[in-house]
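Trainee: Shown below is the structure under consideration.
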Amino acid sequence: MINDQNIRPSKEASSVIEKESLDFSRLKGKLPWPVEGGTIVKGFGEYTYPGHQNVKVNNNGIDIEAPSNAEVRAVFAGQVVGRQFIPGYQNMILISHGSYYTVYSNLESAEVSKGDEVLAGQVIGNLSSQKSELHFEVWKERKRLDPALWIRK
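Right, dumping it as structure tokens:
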């Protein structure tokens, strides 16, 4: 389970985190898409569940439909601070970029492990041939941000 203890940085890392966070924050609206050829099929925030007017659902990220078996890539350099299997979301990867984080889930396979350093554009996993929809989130510390505002138009 991912919790504050798992992602809290050491004191020695504080200055590095500050610089990485500043670099990441400057790229709002300029980050590459985590999958090529993708289309946002479900946006960020609260919406009414289809067919049930009284049921509200909150999406903490965006859902991107992509070609079957599409490669999923890190949108920015960072360190993998979480990797786990979540029923309904398959493999999930959490990458730290200072005080910012990106979350990638619905991965059929994961190519990185907790503790790995990743580069921007590095393949971190693949989508399924069955359900080729990536769930992607951007966080500032623990606050969820709208990822559509962070990736290139």
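Add 81 to a position in the sequence shown, counting from 1, and you land on the number used in my numbering.
Glycine included, every Cβ here is placed at the ideal spot set by N, Cα and C.
Distance check for LYS234 and VAL204, CA to CA, integer angstroms please.
Mentor: Cα-Cα distance, rounded: 21 Å.
Trainee: May I have a chain-ordered list of the beta strand (DSSP E) segments no shorter than 3 residues that lie completely inside the segment 140-187?
Mentor: Entirely contained in the segment 140-187, the beta strand (DSSP E) runs reaching 3 residues are, in chain order, 143-146, 152-154, 159-167, 171-178.
Trainee: Which whole-angstrom value is the C-beta distance of HIS216 and GLY142, which I expect to be below 8 Å?
Mentor: So it is a contact: roughly 6 Å between Cβ atoms.
Trainee: Are there 16 or more other CB atoms within 10 angstroms of the CB of ILE167, so buried, or fewer, so exposed?
Mentor: So ILE167 ends up on the exposed side.
Trainee: Roughly how many whole angstroms lie between the Cα atoms of SER149 and GLU117?
Mentor: Each residue's alpha carbon lies about 11 Å from the other.
Trainee: With respect to the beta strand (DSSP E) encompassing LYS224, which residues constitute its N-terminal and C-terminal limits?
Mentor: 224-226 is the extent of the beta strand (DSSP E) around LYS224.
Trainee: Do the CB positions of GLU198 and GLN160 come within less than 8 Å of each other?
Mentor: The answer is yes: Cβ separation under 8 Å.
Trainee: Quick one: what does DSSP say ASN84 is sitting in, helix, strand or coil?
Mentor: Here ASN84 scores only 47 on pLDDT, less than 50, and its place in the model is too uncertain to base an answer on.
Trainee: Just to confirm my understanding: we take ASP144, look at its own chain, exclude 5 residues before and 5 after, and list those with CB closer than 6 Å. What are they?
Mentor: VAL122, LYS123, GLU214, HIS216, listed in sequence order.
Trainee: In three-state terms, what does DSSP make of LEU215?
Mentor: LEU215: strand per DSSP, three-state reduction.
Trainee: Check SER28 in the structure and name its three-state DSSP category.
Mentor: As shown, the chain starts at 82 and ends at 234. That puts residue 28 outside it, with no answer to give.
Trainee: Specify, as a first and last residue, the run of the beta strand (DSSP E) that LEU208 falls within.
Mentor: Run containing LEU208: 204-208, per the beta strand (DSSP E) assignment.
Trainee: Using CA atoms only, rank isn't needed, just tell me which of PRO113, LYS224, SER190, ALA158 is closest to GLY196.
Mentor: Taking only the C-alpha atoms, the option nearest GLY196 is ALA158.
Trainee: Alpha carbon to alpha carbon, how far is ILE176 from ARG206? Give it in angstroms, no decimals.
Mentor: The question names Arg, but residue 206 in the sequence shown is Gly. Each residue's Cα considered, the two are about 13 Å apart.
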